[in-house]
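Working notes for the structure below.
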Amino acid sequence: MSLHVPAIRTNTIKRSGSGSSLRHSSVEHENDLAPVTRSRRNSDSSVTSPRTLDPSTPTTPHTQSQTTLYAGPPPHKPFVLPTNLLISSSSYFQRLLSENPDPSAEQTTFEDVDEGGMKIFCAWVREGDAALSKGPRDWYEVGGYLGGYTVAWRFGGEGCGNRVMDLIRTHYHAADLTAPPYRLEYISTYAPGSPMQRFLFSTAAYRCLASSSPATPLSAVSGGAASSSSSDPAISEAMKTMFLKNPGLAVEFIETLVRVHREGCRDARKGLSCPEWHVHERTKACPRGFVEAWEGE
41 MSLHVPAIRT NTIKRSGSGS SLRHSSVEHE NDLAPVTRSR RNSDSSVTSP RTLDPSTPTT
101 PHTQSQTTLY AGPPPHKPFV LPTNLLISSS SYFQRLLSEN PDPSAEQTTF EDVDEGGMKI
161 FCAWVREGDA ALSKGPRDWY EVGGYLGGYT VAWRFGGEGC GNRVMDLIRT HYHAADLTAP
221 PYRLEYISTY APGSPMQRFL FSTAAYRCLA SSSPATPLSA VSGGAASSSS SDPAISEAMK
281 TMFLKNPGLA VEFIETLVRV HREGCRDARK GLSCPEWHVH ERTKACPRGF VEAWEGE
């Protein structure tokens, strides 16, 4: 790979964890998710959403050719980026650096942003999609890429978020995975309302619907050859625990179940990424007719 993906600090995920699975479709390890801690400096609650950038906003000449971003708890890991690339890649920083050409360290310090996710985002700012030429290989690396997605979503880095979405979907399809509870909780905390949240909830709902119909061959739903075991629970104990702790996620899941059922149990892991799973408010839409690797299966 061209980029080493570190672990996400906000998740205390043990490699030895196990998860429930279908015969032909597995769910990622369902380990406990550590309580999410948020600091006040440039946290999500204090940062204006970057998704409503006014393209007519006048820009101010910048005094520095490089901008340093700081992520994580003290002592704050620094990430130095060319200012021009940062502005062209992120709607949030385009606005910030237009209003403050020489920002203070206080303005570019994000204590609740994961260092690993920031590393992925900054690598993409410097190198573009070449920095993300290969996707995750296991559940541990999926966490790193999701961290990069949450940073891209927060800062309006559409290209980075879209690329990570493609890589996650490809990995989930190839490994026949669906999202476990801790992934749903993580993405709902750090990227609520994002296409990634919708995608992960869709995979979990898809698995639930497939598990709840033991008489229906899985091949009729997902292209598999085996049938779902009647002993497999439709909703795991870990999922139930998460819903009891966070009723809002339970409502989100119920709405997703209804949508996926009405769509005929369509598998969100297959098919084109754009426009359903991409964001193109500032970037050009993907060329029509582009075929994913699994299209036609």
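For the sequence shown, counting from 1, position 233 maps to 273 in the working numbering; every step adds exactly one. Ideal Cβ placement from N, Cα and C applies to all residues, glycine included.
Exposed unless 16 or more other CB atoms sit within 10 angstroms - verdict on residue i
| i | result |
| --- | --- |
| L109 | buried |
| V67 | buried |
| H320 | exposed |
| Q104 | exposed |
| E198 | buried |
| G288 | exposed |
| G304 | exposed |
| P90 | Unreliable positioning characterises P90 in this predicted model, as indicated by a pLDDT of 41, which lies under 50. A coordinate reading is not provided. |
| E292 | buried |
| Q106 | exposed |
| T296 | buried |
| D94 | Its pLDDT being 46, under 50, D94 is placed unreliably by the model, and the measurement read from it follows with that caveat. The residue is exposed, with fewer than 16 neighbouring Cβ atoms inside 10 Å. |
First through last residue of the alpha helix (DSSP H) which encompasses residue i
| i | result |
| --- | --- |
| V300 | 287 to 302 |
| Q134 | 131 to 139 |
| A308 | Run containing A308: none; DSSP gives neither H nor E here. |
| A111 | No alpha helix (DSSP H) contains A111, which is instead part of the beta strand (DSSP E) from 106 to 111. |
| K159 | 155 to 167 |
| P221 | 221 to 230 |
| L121 | L121 -> not in any alpha helix (DSSP H); beta strand (DSSP E) instead, spanning 117 to 122. |
| C314 | Looking at the DSSP string, C314 is not in any alpha helix (DSSP H), and its letter there is neither H nor E. |
| G187 | 179 to 195 |
| I275 | Run containing I275: none; DSSP gives neither H nor E here. |
| C200 | 198 to 215 |
C-beta neighbour in chain D for residue i, strict 9 Å
| i | result |
| --- | --- |
| K324 | The structure shown contains no chain D; it holds only a single protein chain. |
First and last residue of the uninterrupted beta strand (DSSP E) at residue i
| i | result |
| --- | --- |
| Q237 | Where Q237 is concerned, there is no enclosing beta strand (DSSP E), although the alpha helix (DSSP H) it sits in stretches over 235 to 251. |
Which listed residue (the options) has its alpha carbon closest to that of residue i
| i | options | result |
| --- | --- | --- |
| Y230 | G187, V120, P327 | G187 |
| G156 | L137, Y189, D169 | Y189 |
| R203 | A219, I160, A250 | I160 |
| A171 | Y180, Y185, L217 | Y185 |
| P118 | E151, D142, V182, H318 | E151 |
| E195 | Y246, L136, I275, L297 | For the sequence presented, residue 195 should be read as Phe rather than Glu. Among Y246, L136, I275, L297, the Cα nearest to that of F195 belongs to L136. |
| A215 | W193, S242, R177 | R177 |
| E277 | R299, C248, P115 | C248 |
| W193 | Y180, S129, E139, P141 | S129 |
| C162 | F133, N140, Y180 | F133 |
Contact test: residue i Cβ vs the ligand SAH heavy atom, cutoff 8 Å
| i | result |
| --- | --- |
| D169 | The ligand SAH is absent from the structure shown, which contains no ligand whatsoever. |
Contact belief for residue i with residue j at Cβ below 8 Å, rounded distance in angstroms
| i | j | result |
| --- | --- | --- |
| T210 | G175 | 6 Å |
| V153 | G201 | With a Cβ gap of about 15 Å, V153 and G201 do not count as contacting. |
| A244 | A219 | 5 Å |
| P315 | A325 | 6 Å |
| V191 | M158 | 5 Å |
| R322 | S173 | Between S173 and R322 the Cβ distance is about 23 Å, and since that is not below 8 Å, they are no contact. |
| V300 | Y246 | 6 Å |
| H213 | K285 | H213 to K285, Cβ: 30 Å. No contact. |
| F283 | A274 | So it is not a contact: roughly 13 Å between Cβ atoms. |
Segment contact, 8 Å Cβ cut-off, at least three pairs: the region 217 to 224 with the region 232 to 249: yes
Validate contact between the region 160 to 176 and the region 124 to 141 using beta carbons, cut 8 Å, 3 pairs: The region 160 to 176, when compared against the region 124 to 141, does touch it at the 8 Å Cβ threshold.
Touch test, the region 138 to 146 against the region 202 to 209, Cβ-Cβ under 8 Å, three pairs minimum: no
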